[in-house]
Structure formats: structure tokens, C-alpha cells
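What follows is a short report on a single structure.
Put into C-alpha cells, the structure is as follows:
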């Protein structure tokens, strides 16, 4: 790879069938973000990567679970390991537990990302520390299938402190908040298990949302934005 | 909709499988279920399910948190929570199966996550999985069945030691054999035997191979009578004619060898090395402990020491029966039967010794009555004695004169019972108390006074005395008193009302904060909190319907029809009662084994998961029974 290819990455090549699947996804109508939670499907997502460097590291696994009408639907969930040319290093493997062989036997990245899109539909996304998940997914979609992924995201790392300002100083990480509600995790740092814990946290926050009349995704986005502003000035 | 089972589905199935009834189901069916589950959240205080929601349309399994059930109608505020459900427990069953609304309000007590299965999937699952179907239709019976398996597993080891003559010798060996070298002086051997309290010593060579045995029997003729020099080596007096058997040989082979050769000891060797010693006494113990053997031993016993041994054997038999998983109802019946036999034999021996057996008093008649738990056939292993005497004074004698004759004999009987492991009653509810050695007329007078006054002491007495039954002597006296009592109580609804109010003061210890509300020492009293609610309610139901039974189960069964109690509920109460009885028996047995004083206190944290759950279920049944009692008496 010469230095130029860094700036002009090769255009991803999709088979006609793959291109058709991408087009079909793009043609889906956008979700109505004003709908009440009870009428909506949200997708809670978590990713595992080869490291924490947004510029250099890449996606290893995607885990996602859907919240429909305020309940987590266990079967409406997704767990994909992306095929890697080269397995990530040992320390990294120890974190997410996806071994070298599993990484090499994963799903072709293009196929994996198309599966993710088909699963997602146009449902709005929820994550904890969105910047990370969003960047990783966005970059992968751009590079592998040439999609400019502009999708609604809401970040529970901002929603939770906004709903519980009294706890905001002490609670920062996902583990802090899940512990606060006694939420377990069947396999920490497994993308799907983390997505489930995040989804459970979202459900547990619903009580406060109701009290503050945050009854739609749009309201969640507003709250997210407001909290980001609070964090900046405080 | 169902995707291939991913790690989430498998993790959910794993979680479910760690709880009953899912642990009994095939994994394939649990996975089928997991793929159809939703996960819902309920904030503290939020209603999960209520009668207002109409026909139950979801099956809930608690993933995390505590859900409490409130019986909306029967009692509103105080004691609202009558059931508590924890992780792994599921609800509702009855409402889903009969497609009706639930009867209680289910409310989240803290942050609760529930797996939720749609009603149609729930019904399909009952068709798919036989284990699940079984659980849903026989909830408490099923939990009990599982508990039985666990008990059997727990006891199988220790019971193998006493099972029968077909046990392998390895299971009978009591302890490591004590050995010495053949060169050890006789004096030293005798000192060791004395210090350790053992009956035999085996001499072994350097390779632990037995070369000779010296027993207490040898002391007399080979040492004492022969005036042996005690500094000689043991090899000069030991028998080197040894009989050895391998550890896998059966007990009866050892018995045969002993009989054939006239030995009292058989050595157990493994690859030539000494593994243990079996004595004639060890084998004798095996044979003695059987129902038939015990009862014939009691019948033939002619002194207190023989009866004391029988009393110990009864306890041993109870242990063996628990190990074999004999149902608690039969178990308590066996214990009662044998204890009755034992008591009757004691009375018989004492009366004969006192020359009472052929007196005019004996012809007129007297009857030894059992009271309290003994009267209900519900004795466990630590029951103290509750008894009394009903007599008819022969013509020309006053009741007081008769009492003077009977009281000293009754005293001796009470003491003999005490020696056999039925402690004297601390409340002096015993036949040797002049207040409780009464003529039939005096008993009627006493009962009538209690029923008419209904003061707290009378109510307390009624709970002990109204469970009387004949144990020895002229049983028609007890029957006459029973018939009279049934009639007299029926005409006094006020008294029953008071008894009901009294019984309802003792609530089953289901906690608001934890599973159980325990005392300061973190224990529950299985007798006071566990058994009493059932016993008290059954007594009232029985008295209210003119029943003549004294056993709690029999009373519930008899009263079910006249009181229009749903048969399934009456049955569930009985099962719950029996389970608590079983727990008590096990507890007592463990205490005896550990040499601890017996008590009814159990720490729920020390029970296994399943037993804890059944106990909770049993307490819930007690709540239901009390609710019924309250309803019947407008309390």
C-alpha cells in the first residue's frame, strides 16, 4: 500500500446483488422520530474493535438488540463477527474474547455490514458513548460499501446523567449506571451482551423519562443535546 | 422472526436453566422459549400484572429483582404482601391455564426485569415440553418431588452404612483400625485399648499386613487367669488365625464367617493391607433397625433399658426412612405408631409393677391419653411429652381416691418416658399432674369452662387438649369425651370465633424485605411459624364441622366438603404442611447427628435453593389458609 492510497482509498466493489441490497436499504423511508416509545423500534448497538484508536483501529464485532414498544425483544437481536485479514493482538483478544480463529472465520466485512443494515432498517440507534460506536461503524460502512452513514443516534452516556443529575458526578461508565440499577451482564465486552446491558439501562431509565415527558425519540435527542451543552459549560 | 440462536439466546437459556422448572426441560425447548421472550422493566412500585388487565396474556419469569403479590380483595393494607417472587420464579400459572384474569396484584418491589412470554407461546410450550406441562399443573407437588431426590442423594451416603446386610463392608467400617507391632508389650496394648475404649487390637507387620488380633475376650483367659507377664510381646498371646475379607464383600458374608468359625471379628483387607475391623456388634446393629424388629423388641421388652434401646432404634429407623425418601406422612405415622407402642409398653410395665392390672380400678377403666402433637400423630424427633388420664371411679370410690392411686404410677411412667427421650413437659402437661388425671365428668367440666369463658389461657389450652386421643387402656372413655366435645363446641360459635382470631395472630413469616422475616438470630421457627398456622386452622375447621379426627391432614380432608373448600386447595395445604414437617424431621436428625440440642429453628439461608423456595410456597399456602379462616369468621 503506497502512501497515496491512504488519501484515495479504492472504491469498494460490490456485487450487483450486494449493490441492490444497499439500494433497497437506502430506499427505506426514514423513521418518524416523533412517534411515542410505545410505537417505535429502537436498535441498541455496541461494537468491539481492535483497539481504542478511532483513526487506526477497525471493527471486529457488532452486537445489537431491538427495543420494541418499550420491551427488549430477545430474538430481534444481531451478533456478527467480522472476518479479519489478520487477527488482533493478544491483549485485545483478551478484552472481547473473540479469538484469532473466530476472527478469521468471521463474516466477510461487506456481507456483515449489509446484514447489519438489513437488521437495522431505519430504526434510530441508541448506544453508550456513541462517538466510539458511531465512528467505527461509519468508517467501516464508508470504506467497505461506500455508504455515507448518517443515522440518528442517542447517547445514554448523556441521557442517564440528564435524568439523574444528582448521580451524574459519580456515575460515568456504563458499568456505573448498570450497577446502579442492578443490571447484570452475561459476558462483559461481548458486543451483544454489552448491547443488552445498554438496552436494559435504557428500559430502566424509562421511568424517569415518563416523569419528564420524554416520550419520543425526538425528545431524547433534544435531551442528549442539552446535556452535551451542560457538560461543556460546567 | 426467530434468528439462529446467538449468544444472547444461549445466555438466556443458560440463565433459565439454573432455575426450576427449566432445569428439568430439554435445552431445545428452553431455546425455543428464549427465542420468543421479551424483556420488560418495571420500576419500584410499578404494577406488573393486575386483575384489571383482564385475561392474563403473558407468562413472566423474573430475570432480576423481586415481585410481590398482593391479595387485593381479602386484606387490603396490613399484610398486603402475601407472596414474594424472586429471580427465576414465574407467574401466573393458574390464570394463564384457565384463561382468566389474575386474582392478585403483582408489583415490582425494586428494579425488576422480567422475561415475558405471550400466552399463546406459553400454551404451546406446555404442549411441547412434558416437563413444563408437569410443572404448570402440579406446581407444589413437583417442587416437592425434586426436593425428595435431593434428600435421597444427601442421605444415600450415610444411610448406606446402616441399610442392610447387603451393604458392602467398606460402608460399615466405622473408623481407622488401631494397630500395633507384634513386638509391643502386652501392658502397652492393654493401656492403649483402655485409653481409646476399643475392644480389639490388630498387630501388623511393616507392610500394614495383619499378623494377629488380640481382643478383650482374650484378656480374661490368656492374660488375667494365666497371670501373664505384661512385659511379654503381644505376639505371645494374640490369635494369628485370622479371617479376612475384601472391602467389597457384603455384610452377610462377614456374618456367615463369624457364625462358621465362632469369631467375633473379621478383618477387612485391601491388597493385603489392613483397611478395617468389623465386629459382631457392628453387624448386629444392622439387623436390629427394622420396623418389624423394633416392634417385636418393644413387645418383648421387660425393662427400661431394653426400651431405651428401642427408642434409639426408632430414631435410627426414621433416619433410614428419610434416606429412602419415604413420604413425610407415612414417616410421621411410623414414628407415631412405634412411639405409641413404646409408650403403651412402658405403661403396661409400670401398671403391672404397681399391681394395677387386675384391680377394680382397672376393671372400671382408665385411659391414658396423648395430647398435643402426639395426639395429632405428628410427633417429630424432639417432641416432649403431653399426656393425661381419663378414668371412671369404681362404685364406692371418689375421684380423689382414684387419683391418689394413679398419680404415683403416672409419675413413674412420665419419668420412664423421659428416660426414653421424650423429655418431661416443662408446662407440666402430664398425667402425673393432678389437674390432668381426671374422671370423665371432671374432664367435661374442665372443657365446658374453657369453652364458655374463652379467655386467653382457655384458648391456649384448647390448642393442646382438644387434640387428645386414646393411647392405652379403655379407649371408649376418650371416644365419649370426643363426641361430647364435638357437640358442645358446635353449640358455641363464639368460642370458635375466638379461636380463629387467636390463630390469625400467628402469621407465616414471609418477609417484606427479604424472602422470610426472620428473628434476631436469622432463624425461623418451623414449629411456631410453620406448622402452627395449619394445625390451628385445621382444628377450628374440624371442631366447626363436628369432626372427630385429631390429625391435621385428616381434619383438613374431613372438613373440605362441609366447608366447601376447593379440594385442590385443601390438598395443597396438606402438602405444604407435610413439607414443613419433613424439614423439621431432617433438622432434628441433623441436630442429633451433630450432638446438638434439638430445636425447631432453621436459618433459611442455609437451606438449598429448592427447599427455600418450597418453604416459601408452603408459607404462602399458610397465608391462603388463614385468609380462608378469616373469611369464614369475618375477621
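Chains as they are written, first to last, in our numbering: chain U, 1 to 234; chain G, 235 to 869. For glycine and all other residues, C-beta sits at the position ideal for the given N, C-alpha and C.
In DSSP terms, what residue i is bridged to
{"i": "residue 448 of chain G", "result": "G/435"}
{"i": "residue 473 of chain G", "result": "G/447"}
{"i": "residue 371 of chain G", "result": "Per DSSP, none; premise fails for residue 371 of chain G."}
{"i": "residue 513 of chain G", "result": "G/499"}
{"i": "residue 347 of chain G", "result": "G/275 and G/298"}
{"i": "residue 359 of chain G", "result": "For residue 359 of chain G, which the question treats as bridged, DSSP gives no partner whatsoever."}
{"i": "residue 671 of chain G", "result": "G/623"}
{"i": "residue 78 of chain U", "result": "U/64"}
Short CB-CB distance (under 7 Å) between residue i and chain G
{"i": "residue 220 of chain U", "result": "no"}
{"i": "residue 73 of chain U", "result": "yes"}
{"i": "residue 48 of chain U", "result": "no"}
{"i": "residue 14 of chain U", "result": "no"}
{"i": "residue 181 of chain U", "result": "yes"}
{"i": "residue 114 of chain U", "result": "no"}
{"i": "residue 196 of chain U", "result": "yes"}
{"i": "residue 230 of chain U", "result": "no"}
Cut-off 7 Å between Cβ atoms - residues of its own chain near residue i, not counting five sequence neighbours on either side
{"i": "residue 147 of chain U", "result": "22 and 141"}
{"i": "residue 648 of chain G", "result": "619, 658, 664, 665 and 666"}
{"i": "residue 279 of chain G", "result": "341 and 342"}
{"i": "residue 122 of chain U", "result": "28, 29, 30 and 31"}
{"i": "residue 783 of chain G", "result": "776, 789 and 792"}
{"i": "residue 49 of chain U", "result": "57, 58, 59, 60 and 136"}
{"i": "residue 652 of chain G", "result": "658"}
{"i": "residue 98 of chain U", "result": "48, 60, 61 and 81"}
{"i": "residue 699 of chain G", "result": "605"}
{"i": "residue 289 of chain G", "result": "333, 334 and 335"}
{"i": "residue 306 of chain G", "result": "Note that residue 306 of chain G has pLDDT 48, beneath the 50 cutoff, so the model's placement of it is unreliable and no number is given."}
Beta-carbon neighbours of residue i, restricted to chain G and to distances below 8 Å
{"i": "residue 203 of chain U", "result": "273, 274, 275 and 347"}
{"i": "residue 65 of chain U", "result": "242"}
{"i": "residue 200 of chain U", "result": "273, 275 and 347"}
Contacts of residue i in chain U (Cβ-Cβ under 8 Å)
{"i": "residue 245 of chain G", "result": "186, 187 and 193"}
{"i": "residue 298 of chain G", "result": "182, 183 and 184"}
{"i": "residue 350 of chain G", "result": "71"}
Listed by chain order, chain U residues near residue i by CB distance under 9 Å
{"i": "residue 270 of chain G", "result": "74 and 75"}
{"i": "residue 321 of chain G", "result": "Simply none; closest approach about 10 Å."}
{"i": "residue 262 of chain G", "result": "Simply none; closest approach about 15 Å."}
Under 7 Å from the C-beta of residue i: neighbouring residues of chain B
{"i": "residue 240 of chain G", "result": "In summary, chain B is missing from the structure at hand, where the protein chains are U and G."}
Residues near residue i in its chain [Cβ-Cβ closer than 6 Å; skip 5 each side]
{"i": "residue 383 of chain G", "result": "A caution first: residue 383 of chain G carries a pLDDT of 49, below 50, which makes its placement in the model too unreliable to give a value."}
{"i": "residue 130 of chain U", "result": "153 and 155"}
{"i": "residue 259 of chain G", "result": "363, 365 and 366"}
{"i": "residue 497 of chain G", "result": "477"}
8 Å CB neighbourhood of residue i in its chain, flanking five on each side removed
{"i": "residue 321 of chain G", "result": "253, 296, 297, 298 and 299"}
{"i": "residue 508 of chain G", "result": "411, 413, 436, 438, 442, 443, 444, 501 and 502"}
{"i": "residue 253 of chain U", "result": "The structure shown has nothing for residue 253 of chain U, since chain U only spans 1 to 234."}
{"i": "residue 169 of chain U", "result": "none"}
{"i": "residue 450 of chain G", "result": "427, 433 and 434"}
{"i": "residue 215 of chain U", "result": "36, 37 and 209"}
{"i": "residue 291 of chain G", "result": "352 and 353"}
Proximal residues of chain G, C-beta to C-beta of residue i below 9 Å
{"i": "residue 206 of chain U", "result": "275 and 277"}
Contact list for residue i against chain G, beta-carbon separation under 7 Å
{"i": "residue 111 of chain U", "result": "Those do not exist, as residue 111 of chain U stays about 15 Å from chain G at its closest Cβ, beyond 7 Å."}
Residues that residue i contacts on chain U, provided the C-beta gap is smaller than 7 Å
{"i": "residue 287 of chain G", "result": "What residue 287 of chain G touches in chain U: nothing, since even the nearest Cβ is about 15 Å away."}
Min CB distance residue i to chain U below 7 Å
{"i": "residue 253 of chain G", "result": "no"}
{"i": "residue 747 of chain G", "result": "Any reading at residue 747 of chain G must be qualified, since the residue scores a pLDDT of 48, below 50, and its modelled position is unreliable; the value itself is stated next. It does not; no Cβ of chain U falls within 7 Å."}
Segments assigned beta strand (DSSP E), at least 3 residues, entirely inside the segment 132-158 of chain U: 153-155
Uninterrupted beta strand (DSSP E) stretches inside the segment 698-769 of chain G (no shorter than 3 residues): If one requires a minimum length of 3 residues, the beta strand (DSSP E) runs lying completely within the segment 698-769 of chain G are 703-707, in chain order.
In chain order, each beta strand (DSSP E) run of at least 3 residues that lies wholly inside the segment 589-641 of chain G: 600-604 and 621-625
Length at least 3, wholly inside the segment 774-833 of chain G: the beta strand (DSSP E) runs in chain order: Contiguous beta strand (DSSP E) elements confined to the segment 774-833 of chain G do not occur, taking only those with 3 or more residues.
Completely contained beta strand (DSSP E) runs for the segment 152-191 of chain U, where each covers 3 or more residues: 153-155
Sequence ranges, alpha helix (DSSP H) only - wholly within the segment 314-343 of chain G, length at least 4: 328-331
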